[in-house]
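> Starting off with a structure, shown below.
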Amino acid sequence: MKITALDIWRAIEEIRGKAPLIHNITNYVVMNTTANALLAIGASPVMAHAAEEVEDMVAIAGALVINIGTLSDHWVESMFRAAGEAKKRNIPIILDPVGAGATRYRTETARKLIKTASPSIIRGNASEIMALGPEKGARTKGVDSTALSHAAIDAARDLNKTHGSVICISGETDYIIDIDSNIIEIRNGHPMMPRVTGLGCTASALCGAFAAVNSNYALAAVQAMAVMGIAGEIAAETAAGPGSLQTAFLDTLYCLTESDIEKRLRCFILNN
Amino acid sequence: MKITALDIWRAIEEIRGKAPLIHNITNYVVMNTTANALLAIGASPVMAHAAEEVEDMVAIAGALVINIGTLSDHWVESMFRAAGEAKKRNIPIILDPVGAGATRYRTETARKLIKTASPSIIRGNASEIMALGPEKGARTKGVDSTALSHAAIDAARDLNKTHGSVICISGETDYIIDIDSNIIEIRNGHPMMPRVTGLGCTASALCGAFAAVNSNYALAAVQAMAVMGIAGEIAAETAAGPGSLQTAFLDTLYCLTESDIEKRLRCFILNN
Amino acid sequence: MKITALDIWRAIEEIRGKAPLIHNITNYVVMNTTANALLAIGASPVMAHAAEEVEDMVAIAGALVINIGTLSDHWVESMFRAAGEAKKRNIPIILDPVGAGATRYRTETARKLIKTASPSIIRGNASEIMALGPEKGARTKGVDSTALSHAAIDAARDLNKTHGSVICISGETDYIIDIDSNIIEIRNGHPMMPRVTGLGCTASALCGAFAAVNSNYALAAVQAMAVMGIAGEIAAETAAGPGSLQTAFLDTLYCLTESDIEKRLRCFILNN
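Below you can see the structure in the form of structure tokens.
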């Protein structure tokens with residue numbers, strides 16, 4: 000795998016040119032900002048969760064993004080329906096297991112979705128990915144962030160081997176673990192970003208946009224996470240706080256240039 | 000019909016003075032920005048969708064805005080209940096058939112709502128309005144935007160004759176088709192507006208605010224669309240992208256003056 | 000009770016240090032802005048409403064915030080479940096009875112929640128609090144705002160005696176009525192704030208954040224309302240309208256200093 004600013008830029012141009020429909024079954028908190036981020040990068044978002052229509056909707060989509068941030072039973076049912084249809088049609092599925100590990104309902108729903116849908120990409124923070132790793136694994140608490148990363152990477156490798164999913168662990172450094180257990184590190188982003196709700200969810204949605212134009216899903220995930228981090232950095236330069244960071248982030252996604260990516264991309268490949 | 004900046008301004012002053020309650024049964028994506036737009040123009044938004052209360056709520060409202068952007072069965076049931084009560088009480092109903100044509104569930108729900116509720120105003124983009132036209136009509140795909148407009152206007156005229164609704168087709172140029180099949184064109188707005196999610200939904204909500212103070216619903220729709228377009232233009236002058244466009248749009252709605260409207264209004268009446 | 004800028008500042012520092020998890024079962028309109036406000040002040044928001052998980056979630060939370068702004072039957076069921084668990088575990092419960100008085104469903108749901116859950120803090124506007132007062136009480140309409148305040152304070156005293164809840168009546172002046180029927184007045188804030196949707200809901204969520212670090216709930220409510228008003232004042236100084244006010248409000252919460260509070264706090268205690 001080779002990651003270049005030029006390839007990222009070409010992927011953005013392809014998104015802007017094709018405006019792929021991204022079907023989101025996501026949480027209430029982030030629907031507005033997720034839709035706005037997809038529009039800003041050039042994709043066409045749609046939110047639809049009714050059992051009556053999710054199969055029809057996903058059939059015309061370029062990617063399906065499932066996010067369990069405010070799950071409930073009818074929504075979960077629709078997630079499975081949409082995922083089944085997407086799988087049948089070979090449409091990439093991105094899973095954001097928000098809050099896995101916090102309640103049994105979330106952990107189990109995420110596990111079942113992974114088992115049934117074999118998502119193309121799973122994106123979560125370290126504790127969410129660890130919660131989805133081997134069940135026998137001890138839960139990690141109060142460890143330093145290096146240990147946390149290692150434990151999460153182990154869980155990611157396991158998920159990856161078992162289900163074939165590309166795993167993206169987001170945090171100060173983002174890690175993408177591909178199908179051959181290579182690790183790609185992205186060191187873009189800004190410390191104020193976690194103070195804006197739903198930027199993680201936005202990252203998952205952008206993974207959908209990039210996966211819609213690139214069937215190398217590891218590369219798509221890397222491109223999406225790099226764009227997130229770079230746009231966040233640029234936005235933070237003018238932001239007075241998390242309110243204006245969200246606004247500037249959307250402006251930046253819309254205005255992003257190849258030169259912005261060229262100058263800022265901090266991406267490292269660690270071979271297996 | 001005569002459209003003047005002074006009349007639009009008087010309608011805004013009436014909204015600001017009376018603060019009519021606008022009852023929205025709308026989609027999750029736009030609830031926040033719709034409520035903010037209604038507050039910024041001077042109306043009082045309420046969102047309520049429970050079967051247990053929609054009839055009580057619409058009974059104290061100046062208009063009912065129904066938007067099927069994230070529909071599901073319980074919500075649809077409440078839309079019918081609220082619409083029935085609104086019709087009984089002669090409260091104007093605005094329908095936004097988001098995504099009609101994309102899935103059968105949306106198209107059929109929108110058709111049934113139109114048949115049952117005879118909305119005062121239906122506002123959608125060209126493809127949504129066409130999806131609601133005569134069922135025998137061939138679906139238009141890949142045609143240029145002039146042909147699209149013509150096909151949508153034909154569908155609008157049909158809806159208008161059959162159900163008595165004022166139809167508003169929004170796009171680069173907005174078309175309002177009134178009860179006598181007159182066409183009013185509004186050429187305000189800015190190309191960045193479609194990159195902000197839910198500005199179409201906001202337009203429908205503003206139609207509700209203007210219809211609450213003006214029983215000439217064609218005029219109310221024209222006024223709402225002109226205000227949308229003008230506020231969008233002004234906001235775009237300072238916006239660095241779609242994030243700041245949304246923020247500036249709300250600021251502009253709040254600060255709009257008669258002189259802003261006077262200077263910018265581009266409205267043309269084409270008689271039948 | 001003594002209210003000082005230093006105590007408010009220490010509470011903010013404690014929130015920032017501990018990042019208490021605030022479990023919100025709230026309305027669709029404000030989920031995003033509420034989560035952002037909690038993040039900006041330093042707390043950790045979570046939104047979760049499924050019957051399957053609310054008890055697990057509240058068990059790890061520092062406070063539970065229940066807001067009936069877009070209620071429906073399944074959500075109400077979860078509110079009761081979560082409240083029951085919170086009560087059992089002595090976790091503070093904040094209730095925001097949005098729209099009580101507007102429909103019977105809202106008034107009755109709010110009354111039942113109060114009876115069952117004995118919330119630590121109830122925060123609403125004057126008409127909502129009055130709607131929850133003694134049922135025999137005549138409804139107050141068209142009275143001047145002084146009479147409105149008096150009637151609301153009477154209702155608050157009654158709620159306070161019957162259920163032991165701290166009552167916060169927000170408006171141009173905020174009133175907090177404590178367990179001994181003392182009244183604390185806060186005269187911070189800005190007239191543009193009611194033109195931003197959900198700042199009242201944000202106030203309730205911040206009551207949760209302060210209650211999570213301070214078991215004197217009257218003091219927690221006073222601190223939260225003072226911070227709301229002060230942040231609103233500062234934000235309004237640079238805001239061009241309600242759009243930029245919301246953005247600047249979040250920025251201000253994030254950047255707030257002890258000196259901001261010291262300079263602006265306008266808080267008065269009227270003993271019983």
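Protein chains in written order, with numbering that gives the first Met the number 0: chain A, 0 to 271; chain W, 0 to 271; chain G, 0 to 271.
Note that CB positions come from ideal geometry on N, CA and C, so glycine has one too.
To the nearest angstrom, how far is it from the Cα of Val165 of chain G to the Cα of Ala238 of chain G?
Against the third sequence, residue 165 of chain G aligns to sequence position 166. Against the third sequence, residue 238 of chain G aligns to sequence position 239. Approximately 33 Å, taken between the alpha carbons.
> Give me the residue from G:Glu184, G:Arg88, G:Gly207, G:Ile92 with the minimum Cα distance to Ala18 of chain G.
Residue 18 of chain G sits at position 19 when you count from the first residue of the third sequence. Comparing Cα positions, the closest option is G:Gly207.
> Taking only the alpha-carbon atoms, compute the straight-line gap between Asp179 of chain A and Ala155 of chain A and give it to the nearest angstrom.
Working through the first sequence from its first residue, we reach residue 179 of chain A at position 180. Working through the first sequence from its first residue, we reach residue 155 of chain A at position 156. Their Cα atoms are separated by approximately 12 Å.
> For Leu37 of chain W, tell me which candidate among W:Asn23, W:Ala50, W:Ala47 has the shortest Cα-Cα distance.
For the purposes of this step, residue 37 of chain W is taken as the residue at position 38 of the second sequence. It is W:Asn23.
> Among G:Gly61, G:Val57, G:Arg88, which one has its Cα closest to the Cα of Met78 of chain G?
Here residue 78 of chain G refers to the residue found at position 79 when the third sequence is read from its first residue. Nearest C-alpha to Met78 of chain G: G:Val57.
> Tell me the DSSP bridge mates of Asn66 of chain W?
Sequence index remark: in the second sequence, residue 66 of chain W carries index 67 (1-based). For Asn66 of chain W, which the question treats as bridged, DSSP gives the partners W:Asp95.
> Where does the unbroken beta strand (DSSP E) through Pro44 of chain A begin, and where does it stop?
As a working note, residue 44 of chain A is residue 45 in the first sequence. Run containing Pro44 of chain A: 43-46, per the beta strand (DSSP E) assignment.
> Against Met192 of chain W, what residues of chain G qualify as contacts under a CB-to-CB distance less than 9 Å, listed in chain order?
On the second sequence, residue 192 of chain W is found 193 positions in, with the first residue counted as 1. Here the premise fails: no neighbours, minimum Cβ distance about 15 Å.
> What does Glu13 of chain W touch in chain G if you count any residue whose Cβ is under 8 Å from its own?
Sequence index remark: in the second sequence, residue 13 of chain W carries index 14 (1-based). Simply none; closest approach about 18 Å.
> For Asn31 of chain A, go through chain G and note every residue whose CB falls closer than 9 Å to its CB, in chain order.
In the first sequence, residue 31 of chain A corresponds to position 32, counting from 1. Going along chain G in sequence order, the residues near Asn31 of chain A (Cβ under 9 Å) are Asn31.
> If we define contact as Cβ-Cβ less than 8 Å, is Pro241 of chain G a contact residue for chain A?
Here residue 241 of chain G is taken as the residue at index 242 of the third sequence, counted from 1. Closer than 8 Å: no.
> Along the region 61-89 of chain A, where does the CB come closer than 8 Å to a CB of chain G? Name the residues.
Answer in chain order: Gly68, Thr69, Leu70, Ser71, Asp72.
> List the residues of chain W whose Cβ lies closer than 7 Å to the Cβ of Arg103 of chain G, in chain order.
Indexing the third sequence from 1 puts residue 103 of chain G at position 104. Asp55, listed in chain order.
> Return yes when the Cβ of Gly123 of chain W is within less than 8 Å of the Cβ of Pro91 of chain W, no when it is not.
Taking the first residue of the second sequence as 1, we reach residue 91 of chain W at position 92. Taking the first residue of the second sequence as 1, we reach residue 123 of chain W at position 124. In this structure, Gly123 of chain W does not lie closer than 8 Å to Pro91 of chain W by Cβ.
> Could you tell me the boundaries of the beta strand (DSSP E) in which Tyr174 of chain W lies?
Indexing the second sequence from 1 puts residue 174 of chain W at position 175. Tyr174 of chain W -> beta strand (DSSP E) spans 173-176.
> Starting from the N-terminal side, write out each stretch of the alpha helix (DSSP H) that is 4 residues or longer and does not extend beyond the region 225-251 of chain G.
Those alpha helix (DSSP H) runs which fall completely within the region 225-251 of chain G and span 4+ residues do not exist here.
> Taking just the CA atoms, how far does Ile175 of chain A sit from Arg186 of chain A?
Here residue 186 of chain A is taken as the residue at index 187 of the first sequence, counted from 1. Here residue 175 of chain A is taken as the residue at index 176 of the first sequence, counted from 1. Their backbone Cα atoms lie some 12 Å apart in a straight line.
> If you draw a straight line from the C-alpha of Ile121 of chain G to the C-alpha of Ile229 of chain W, how long is it?
Your numbering for residue 121 of chain G matches position 122 in the third sequence. Your numbering for residue 229 of chain W matches position 230 in the second sequence. Cα to Cα, the separation comes out at about 42 Å.
> Closer than 8 Å is the cut-off here; do at least three beta carbon pairs connect the region 186-197 of chain A with the region 256-270 of chain A?
Yes, since at least three Cβ pairs between the region 186-197 of chain A and the region 256-270 of chain A fall closer than 8 Å, the two stretches touch.
> What ranges does the alpha helix (DSSP H) occupy inside the region 162-221 of chain A, keeping only unbroken runs of at least 4 residues that lie completely in it?
Complete alpha helix (DSSP H) runs here, min 4: 198-210.
> Would you say Glu107 of chain W faces chain G, with C-beta separation under 8 Å as the test?
Position 108 of the second sequence, counted from the start, is the residue given in the question as residue 107 of chain W. So, not an interface residue.
> Along chain W, which residues have their Cβ under 8 Å away from the Cβ of Cys254 of chain A?
Looking up residue 254 of chain A in the first sequence gives position 255. Chain W residues near Cys254 of chain A: Ala239, Gly240.
> Under 8 Å, Cβ to Cβ, is there at least one residue of chain G near Leu264 of chain W?
As a first step, residue 264 of chain W is located in the second sequence; it is residue number 265 there, counting from the start. Output row for Leu264 of chain W: interface = no.
> Quick one: grab the DSSP three-state call for Gly123 of chain A.
To locate residue 123 of chain A, count along the first sequence from 1; it is residue 124. Three-state result, Gly123 of chain A: strand.
> Under 7 Å Cβ to Cβ from Ala39 of chain G, same chain only, skipping five residues before and after it: list those, please.
The residue you call residue 39 of chain G lines up with position 40 of the third sequence. Once the five neighbours on either side are set aside, the close Cβ partners of Ala39 of chain G are Leu249, Leu252, Tyr253.
> Let's test the definition: count the other Cβ atoms within 10 Å of the Cβ of Met224 of chain G and tell me whether it reaches 16, buried, or not, exposed.
On the third sequence, residue 224 of chain G is found 225 positions in, with the first residue counted as 1. Its Cβ being crowded by 16 or more others within 10 Å, Met224 of chain G is buried.
> If we cut at 8 Å on Cβ distances, does Val195 of chain W have a partner in chain A?
The residue you call residue 195 of chain W lines up with position 196 of the second sequence. Closer than 8 Å: yes.
> For Asn35 of chain W, does the three-state DSSP call read helix, strand or coil?
Mapped onto the second sequence, residue 35 of chain W falls at position 36. Helix at Asn35 of chain W.
> Starting from the beta carbon of Met227 of chain A, find every residue of chain W whose beta carbon is closer than 7 Å, and list them in chain order.
For the purposes of this step, residue 227 of chain A is identified with residue 228 of the first sequence, where counting begins at 1. Neighbours of Met227 of chain A on chain W: none; closest Cβ ~15 Å, over 7 Å.
> Let me see if you follow: with CB-CB separation under 8 Å, is Gly16 of chain G close to chain W or not?
One-based indexing of the third sequence puts residue 16 of chain G at position 17. So, not an interface residue.
> Using a C-beta to C-beta distance shorter than 8 Å, which residues of chain A count as neighbours of Val45 of chain G?
Working through the third sequence from its first residue, we reach residue 45 of chain G at position 46. Going along chain A in sequence order, the residues near Val45 of chain G (Cβ under 8 Å) are Gly98, Ala101.
> For Ala47 of chain G, tell me which candidate among A:Ala47, A:Met129, A:Arg103 has the shortest Cα-Cα distance.
What you label residue 47 of chain G is simply residue 48 of the third sequence in a count that begins at 1. Closest by alpha carbon: A:Arg103.
> Return the chain-ordered list of same chain residues with a C-beta closer than 7 Å to the C-beta of Met30 of chain A, the five sequence neighbours on each side being excluded.
Taking the first residue of the first sequence as 1, we reach residue 30 of chain A at position 31. Result list for Met30 of chain A: Met46, in chain order.
> Which class does Thr256 of chain W belong to by DSSP, given the choice of helix, strand or coil?
To locate residue 256 of chain W, count along the second sequence from 1; it is residue 257. Thr256 of chain W: coil per DSSP, three-state reduction.
> Hey, Thr196 of chain G and Ala211 of chain W: beta-carbon distance below 8 Å or not?
Numbered from its first residue, the third sequence carries residue 196 of chain G at position 197. Numbered from its first residue, the second sequence carries residue 211 of chain W at position 212. Result no, Cβ atoms of Thr196 of chain G and Ala211 of chain W do not sit closer than 8 Å.
> Under 8 Å between beta-carbons, which chain W residues line up against Thr246 of chain G? List them in chain order, please.
Residue 246 of chain G sits at position 247 when you count from the first residue of the third sequence. Here the neighbours are Thr246.
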